[in-house]
Amino acid sequence: MKYQVQLDVYEGPLDLLLRSLNNEEIPAGEIPVCTIIDQFIDYYMGIAFSDLEEGSRFLVLAATLLAVKARLLLPRHEEEDEESDPLLDQDDEDGLLETDFEEYLAFQDAAITLEERAREWMMVYRRPPIKVKVPEQKGARDDVSRLLEAFQGIIERISKLPEPYMVKSVPYDLDDLMNDVLAMIKSRPEGIHFSDFFPVTYGRDDVIFTFLAVLELVYEGEIIVREDLKTDELLLILKENV
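Written out as structure tokens, the structure is:
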């Protein structure tokens, strides 16, 4: 709060005055609440743009100031008349005014701490996030889409054929299959049809792993996909031959 109290016994923020008053560091009888209110009105009227938050905050502080001053100045009796106001008795017995003020101070401390942290964070320079660019070959995404469509036809074809009985003593190795695909394409510089990689003797496992090898080579940019205008089939060509 920008407003500063100007009194004979105290000069400074109203928050600090409330703390000092609550801790009985300043005599409550020497705090003229009316003077503080008049000073704030003069200060508030002199602001070019009325700050509603500042005004509402002062009202809370002024009300708290009146409550604290009343609590300190009014005598506390051990025994109260049975006909006295039960609300005043409850406030005096439970110390609600003091509790409310302590809660207010706790919120004030938290707000100040958060404001200081916000200023500190604004002064911290943060390194911008590192953007890792994964190289993607031009047209690779479209090539993969076209290969997937063609692969559906291969799967439909082999699903109509009986699965051949084959004994495989060596498991599939993707690197070896990729080398085999590259060797076939290099042997035919003009390109090789996609369907030629899947002879009728291939079982389902052969088809799937061979297709994975082709996809990996397309992704790495080793081969590219073209369309044979004569047959409308997909043609795989070594990139260096294009």
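Sequential numbering of the sequence shown, starting at -18, is according to the numbering used here. Every residue, glycine too, gets a C-beta built ideally from N, C-alpha and C. Treat the numbers as computed from the prediction; the structure is a model and nothing was measured.
Same chain, Cβ closer than 8 Å to Leu163, five either side skipped, listed in chain order: Leu198, Glu203, Ile204, Leu219
Report the start-end ranges of each alpha helix (DSSP H) in the segment 137 to 218 that is 4 residues or longer and not cut off at the edges. 155 to 167, 185 to 201
Is it true that the CB of Arg207 sits closer than 8 Å to the CB of Leu216? yes
Cβ neighbours of Val125 in the same chain (closer than 8 Å, five flanking residues each side left out): Leu196, Val199, Tyr200
What residue from Glu214, Tyr183, Tyr153, Val(-14) has the CA that sits closest to Tyr24's CA? Val(-14)
Per DSSP, Pro(-6) is paired with what? Gln(-15)
Reference Arg38; option with closest CA among Asp(-11), Tyr183, Asp(-4): Asp(-4)
Buried or exposed (CB count within 10 angstroms, at least 16 for buried), Thr191: buried
Decide if Leu(-2) is buried, meaning its Cβ has at least 16 other Cβ atoms within 10 Å, or exposed. buried
Taking the alpha helix (DSSP H) that Val223 belongs to, which residues open and close that run? From DSSP, Val223 is part of no alpha helix (DSSP H); its letter is neither H nor E.
In three-state DSSP terms, what is Asn4? coil
Apply the 10 Å Cβ neighbour rule to Gly27 and answer buried if 16 or more other Cβ atoms are within range, or exposed otherwise. exposed
Quick check on DSSP: helix, strand or coil for Ile22? helix
Among Tyr(-9), Cys15, Asp213, nearest to Glu6 - alpha-carbon criterion: Tyr(-9)
Beta-carbon proximity of Pro170 to Asn222, cut-off 8 Å: yes
Nearest neighbour of Tyr18, chosen from Arg98, Ala44, Asn4 [CA to CA]: It is worth fixing the name first, because residue 18 is Ile in this sequence and not Tyr. The candidate whose alpha carbon is nearest that of Ile18 is Ala44.
Beta carbon of Asp209, beta carbon of His174: below 8 Å? yes
Return the CA-CA distance between Phe132 and Arg185, expressed in angstroms with no decimal places. 12 Å
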